[in-house]
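Numbered according to our numbering, the sequence shown spans residues 1 to 455. Beta carbons are placed, not taken as given, at the ideal position from N, Cα and C, and that holds for glycine. Report on the following structure.
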Amino acid sequence: MSIQVAIHHKTVYKFDQFINVFPHVIRLRPAAHSRTPIHAYSLTIGATQYFINWQQDVFGNYLARLVFPERLKELSIEVNLIADMVSINPFDFFVEEYATQYPFEYKENLKKELQPYLEITESGELLMAWVASVKRDQQNINDFLVYLNQRLQKDIAYNIRMEPGVQSCEETLTIRRGSCRDTAWLLVQILRHLGLAARFVSGYLIQLTADQKSLDGPSGPEADFTDLHAWTEVYVPGAGWIGLDPTSGLFASEGHIPLACTPDPASAAPVEGATGVCQVSFEYENSVRRIHEDPRVTKPYTDGQWAKILALGEQVEQDLKAQDLRLTMGGEPTFVSIDDMDSAQWNTAALGEHKRSLAGVLLKKMQAYFAPHSVLQYGQGKWYLGEPFPRWALGCFWRPDGKPVWLDQQWLAEDGKDYGLTEADAKRFTEALCSSLGIAPRYLRAGYEDRLYYL
């Protein structure tokens with residue numbers, strides 16, 4: 001299941017007179033290694049006459065080179081693309097054995113190929129102090145990258161900066177804030193000082209509003225959003241280029257569409273070119289819209305779709321009755337924990353420390369929603385070979401005609417709560433119940449805990 005989105009990105013330059021427009025380079029085509037599937041792409045140039053040549057630069061990035069034989073008074077660059085926002089696990093990779101622990105050394109032939117991405121161009125005092133504070137103890141490479149990315153995100157505040165170019169690492173560390181391109185370049189230099197090949201990435205960032213608010217953390221944007229963005233990629237043997245976004249502190253995933261990846265930010269500029277001397281006004285537009293959505297757990301079928309499903313179910317029911325067929329259906333949903341995703345009880349084990357109590361909470365919520373005048377049963381269920389006790393089973397019982405089985409829930413004991421009652425209290429209650437039901441007390445039978453429980 002996925003969401004297909006359409007990105008529209010348009011830039012318009014309006015000049016105060018007809019001027020010479022020198023050759024331009026456009027880097028607005030998704031890179032070959034983009035993990036987000038791109039189903040359609042178009043680049044439209046608004047000019048009276050021009051020549052376009054698609055090329056790849058020395059780093060493998062796609063670029064369009066434009067030549068304008070005539071003077072222009074207006075130039076527009078428009079990109080439209082359709083992307084499939086399939087969920088991507090940013091940790092879905094294997095690492096070469098020698099690189100699983102940091103620090104490691106690249107093999108000689110690989111190090112030679114990565115030389116442009118290992119070049120250190122800044123070594124200011126604040127940068128070197130930040131690098132020196134990084135622990136070099138042996139640690140898992142994934143954990144190390146997560147640590148660097150999240151630490152930088154906490155250290156540098158994000159701000160929107162309209163000025164061209166990229167701040168130096170010293171400036172960013174001095175004022176402790178920067179745009180996405182500033183922190184991306186800072187992380188590039190940090191990684192290189194730590195012996196890891198890194199490159200600067202320019203691309204599109206797509207953020208879609210969540211179907212449901214997060215229970216424990218930020219819920220993301222209030223509306224669907226896209227814009228040009230910058231982040232960092234680091235080369236890990238076996239895994240290849242891994243995207244790190246120091247603006248968010250997250251690894252790059254389906255919302256990150258790389259356009260140009262280079263050793264230096266200047267070589268990744270989305271638009272590069274020059275014009276004759278003039279006054280220019282600038283218009284910019286970047287939007288995203290959903291064009292297809294599959295039904296999913298967090299955003300299921302519409303009321304109209306549900307009505308059709310129920311109508312089909314009724315038709316199937318009538319056909320089964322007409323043919324005197326009996327259909328039995330059952331299912332066992334599997335639950336996972338948002339707080340404890342690693343322990344055995346939420347992965348492989350049938351029982352666990354918290355399952356029973358959480359099941360009781362869920363049962364109460366389902367009772368209130370589906371059958372408010374029902375009765376709950378806390379009993380035993382399946383008994384598997386080799387296990388000393390039957391597994392627990394929780395039941396909820398109500399009448400299909402809608403009549404209440406029990407009117408006032410306050411007179412039913414809470415599961416797991418000690419009311420301080422004794423066996424004598426239980427005997428008096430059952431005798432009173434027998435009297436009320438017209439049953440002779442001699443039919444009462446005492447029940448006791450299994451002694452095996454205490455062994």
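Taking Q139 as the centre and dropping the five residues before and after it, the same chain places the C-beta of Q101 and Y102 closer than 7 Å to its C-beta, in chain order. Residue pairing by DSSP places Q101 opposite N140 in a beta bridge. Collapsing the DSSP output to three states places C169 in a helix.
Using a Cβ distance threshold of 8 Å, F200 and P270 do not count as a contacting pair.
The alpha-carbon of V86 is positioned some 50 Å away from that of W411. Approximately 25 Å separates the beta-carbon atoms of Q55 and R71; this is outside 8 Å, ruling out the contact.
Following the DSSP letters along the chain, one finds V361 inside the alpha helix (DSSP H) bounded by residues K355 to F370. For K111, the enclosing alpha helix (DSSP H) begins and ends at E108 to E113.
Here the alpha carbon of W398 sits roughly 12 Å from the alpha carbon of M366. Here L327 is near L320, since their CB atoms are less than 8 Å apart. Counted as a single uninterrupted DSSP element, the beta strand (DSSP E) harbouring D84 occupies residues L72 to D84.
In this chain, the beta strand (DSSP E) harbouring V280 covers V280 to E293. When DSSP states are grouped into helix, strand and coil, K427 belongs to the helix group. Residue Y235 holds the alpha-carbon nearest to the alpha-carbon of L196 among Y158, E108, Y235 and T334. Sorting S76, L385, R35 and H373 by C-alpha distance to the C-alpha of N89 places R35 at the top. Apart from the 5 residues on each side of it in sequence, G249 sits with its Cβ closer than 6 Å to the Cβ of N149, Q150 and Q153 in its chain, given in chain order.
According to the DSSP secondary-structure assignment, F15 is paired through a beta bridge with V280. With 16 or more other Cβ atoms inside 10 Å of its own Cβ, I7 counts as buried.
Sequence-distant partners of P295 (beyond 5 residues in either direction) whose C-beta falls short of 7 Å from its own C-beta, in its chain, are Y301.
C-alpha of E233 to C-alpha of L358: approximately 41 Å in a straight line. Within the same chain, Cβ atoms closer than 7 Å to the Cβ of A47 are found at F68, L72 and L75, the five residues on either side in sequence being excluded. Checking the DSSP bridge columns, you'll see P258 partnered with G203. According to DSSP, L63 shares a beta bridge with Q55. The alpha carbon of Y41 has as its nearest neighbour, out of P23, E78 and F51, the alpha carbon of E78.
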